[in-house]
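This report concerns only the one structure given below.
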Amino acid sequence: MGISPSKFSLGPPRCWKTTKSYVWRALFRSRAAWRAWPSTSLRETMVEAVQNKPKSEMKFLVIGAGMAGILMGIRLKQAGYSDYLVVEMGDKVGGTWRANHYPGLHCDVPSHHYCYSFEPYAEWSEVFSCGPEIRDYLEHSAVKYGVMPNIRFNTAARTATWDGARWTVELSTGETV
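First residue of the sequence shown? That's 16 in my numbering, and the numbers climb one at a time after it.
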């Protein structure tokens, strides 16, 4: 039985949820690209390799310390995975909220919705918060939940290679992880 998603599926492939690893998302920009893989393929091999390992042997690389990258670090830590690294090409957390500095930069979602459900923030200064305030919230969350020690700043992922059992990622520092 393959793990390919139904052609009627609206969400991501089920294996993304069951393996607790979201690294592959960067490889598949659309559902069509995901379905283009043959049924006995890299994706099935990756799922099997991940599902059969104990937590102590699992290593994770999270690319980006924006809202999703910080959340992934928090969830990995909460699930008992301690061997993870978040690489961030910038010098601070925040993703797009760190990178963009133009006048009038605000979120287009009400602030009380644009935060983690487990870390609500009632002190937003505006209904649609400005970029620096959102970036500060993300930094606060990364510090509070212990993700900061696992973030390597000024480092980007350059290449990723699958060898049949694991990913090898070359970082901008020349290091491979």
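Glycine included, every Cβ here is placed at the ideal spot set by N, Cα and C.
Count the other CB atoms, across all protein chains shown, that sit within 10 Å of the CB of residue i; report buried if there are 16 or more and exposed otherwise.
{"i": "A137", "result": "exposed"}
{"i": "E141", "result": "exposed"}
{"i": "N169", "result": "exposed"}
{"i": "V158", "result": "exposed"}
{"i": "A80", "result": "buried"}
{"i": "S187", "result": "exposed"}
For residue i, I'd like the list of residues in its chain whose CB is within less than 7 Å of its CB, leaving aside the five on either flank, ordered along the chain.
{"i": "G95", "result": "K70"}
{"i": "M73", "result": "Y96, D98"}
{"i": "N115", "result": "G146"}
{"i": "M82", "result": "G110, L153"}
{"i": "A112", "result": "It should be pointed out that residue 112 corresponds to Trp in this sequence rather than to Ala. G146, I149, R150, L153, listed in sequence order."}
{"i": "R192", "result": "One point to set straight first is that residue 192 is Val, not Arg, in the sequence displayed. Taken in chain order, the residues that qualify are L76, L100, V184, L186."}
{"i": "A91", "result": "Here the sequence assigns Leu to residue 91, which means Ala is not the residue at that position. Around L91: F75, Y99."}
Classify residue i as helix, strand or coil using the three-state DSSP reduction.
{"i": "Y152", "result": "helix"}
{"i": "T183", "result": "strand"}
{"i": "L91", "result": "helix"}
{"i": "V77", "result": "strand"}
{"i": "L86", "result": "helix"}
{"i": "T176", "result": "strand"}
{"i": "T188", "result": "coil"}
{"i": "V101", "result": "strand"}
{"i": "H116", "result": "coil"}
{"i": "I18", "result": "Low local confidence applies: a pLDDT of 44 at I18 is under 50, so the model's placement there is unreliable, and no value is given."}
Just confirm the distance between the C-beta atoms of residue i and residue j, as a whole number of angstroms; I'd bet it's less than 8 Å.
{"i": "Y99", "j": "V124", "result": "That belief does not hold up - the Cβ atoms of Y99 and V124 are roughly 28 Å apart, past 8 Å."}
{"i": "R167", "j": "V108", "result": "That belief does not hold up - the Cβ atoms of R167 and V108 are roughly 12 Å apart, past 8 Å."}
{"i": "G84", "j": "L120", "result": "The Cβ separation is near 20 Å, so there is no contact."}
{"i": "V162", "j": "G105", "result": "Not quite, the Cβ-Cβ distance comes to about 15 Å (not below 8 Å), so this is no contact."}
{"i": "E190", "j": "T174", "result": "Actually they are not in contact, since the Cβ atoms of E190 and T174 sit about 12 Å apart, beyond 8 Å."}
On the DSSP bridge assignment, give the partners of residue i in chain order.
{"i": "H121", "result": "C145"}
Spatial neighbours of residue i within its chain, please: C-beta separation below 8 Å, excluding the five flanking residues on both sides.
{"i": "P135", "result": "H127"}
{"i": "Y131", "result": "L86, I89, S156"}
{"i": "Y129", "result": "C122, S144, I149"}
Once the 5 residues before and after residue i are set aside, which same chain residues still bring their CB inside 6 Å of it?
{"i": "R181", "result": "none"}
{"i": "T176", "result": "T183"}
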